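Take a look at the structure below.
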Amino acid sequence: MERGVEQVRHYLNAIPIGAGPQGLWEFLQVLVRSMNTRNDFSVNYLISWYELQVPELRTLAIQRNRAVVEGIRKRLPPGAPAAAELLLHSVIAGATMQWAVDPDGELADHVLAQIAAILCLMFPEHDDFQLLQAHA
């Protein structure tokens, strides 16, 4: 499990840092498309529930979450709203839950549509947040 935290950090650090809101958007697309959807996604919620029951696993879950938030923070462009990394992480989590309850289409497409909407509010001068093609 501890190795998993390091793998997350390594994965996030390997994603290039692009410039401006578009660079952030490209990072978020790579991040969201890496979410496991091959199996029944509800299994992820069972794993999360279990991690919250065991103090050592909860600590690791916190570290993974913080690594993702930090990965987002490092890619925020100048002028981003305060605590934008927490807001974006919350949008990812909330949109994922929406999709899990009422799945329509692909998980990543649903989550990315919500992220694109919030990025348009955060960066109104950049309204061209087009989806990158998913890699098969």
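FYI, full-length UniProt numbering numbers position 13 of the sequence shown as 13, with every residue one higher than the one before it. Backbone N, C-alpha and C define an ideal beta-carbon position, used for all residues, glycine too. No experiment lies behind these values; they were computed from the predicted model shown.
Between the options, which lies nearest to residue i when the distance is taken from Cα to Cα?
i	options	result
Asp-128	Ser-90, Glu-26, Glu-2 and Arg-9	Glu-26
Pro-81	Pro-124, His-10 and Leu-57	Pro-124
Pro-103	Arg-9, Phe-41 and Tyr-50	Phe-41
Ile-92	Val-5, Gln-114 and Gly-23	Gln-114
Arg-33	Val-101, Leu-119, Thr-96 and Cys-120	Thr-96
Ile-17	Glu-6, Gln-29 and Gln-7	Gln-29
Ala-14	Glu-51, Leu-31 and Glu-106	Leu-31
Gly-20	Tyr-50, Glu-2, Gln-7 and Ile-72	Ile-72
Leu-119	Val-101, Gln-22 and Val-43	Gln-22
Do you know how far the Cα of residue j is from the Cα of residue i?
i	j	result
Ser-48	Asp-109	22 Å
Ala-136	Gln-130	Confidence at Ala-136 is low in this model, with a pLDDT of 42, below 50, so the placement of that residue is unreliable and no value is reported for it.
Trp-99	Pro-78	31 Å
Leu-60	Val-111	24 Å
Arg-64	Tyr-11	11 Å
Val-54	Ala-67	20 Å
Ile-62	His-126	32 Å
Lys-74	Glu-56	27 Å
Val-5	Arg-58	12 Å
Arg-9	His-89	16 Å
Tyr-45	Glu-51	10 Å
Gly-94	Gly-105	16 Å
How far does the alpha helix (DSSP H) with residue i in it extend, from its first residue to its last?
i	result
Leu-88	84 to 101
Arg-75	Taken as a continuous stretch (DSSP letters only), Arg-75 belongs to no alpha helix (DSSP H), as it is neither H nor E.
Gly-4	2 to 14
Phe-27	20 to 33
His-110	107 to 122
Ile-47	42 to 53
Look at the Cβ atom of residue i, then the Cβ atom of residue j, and state whether they are nearer than 8 Å.
i	j	result
Val-69	Leu-86	yes
Met-122	Ala-84	yes
Leu-24	Leu-76	yes
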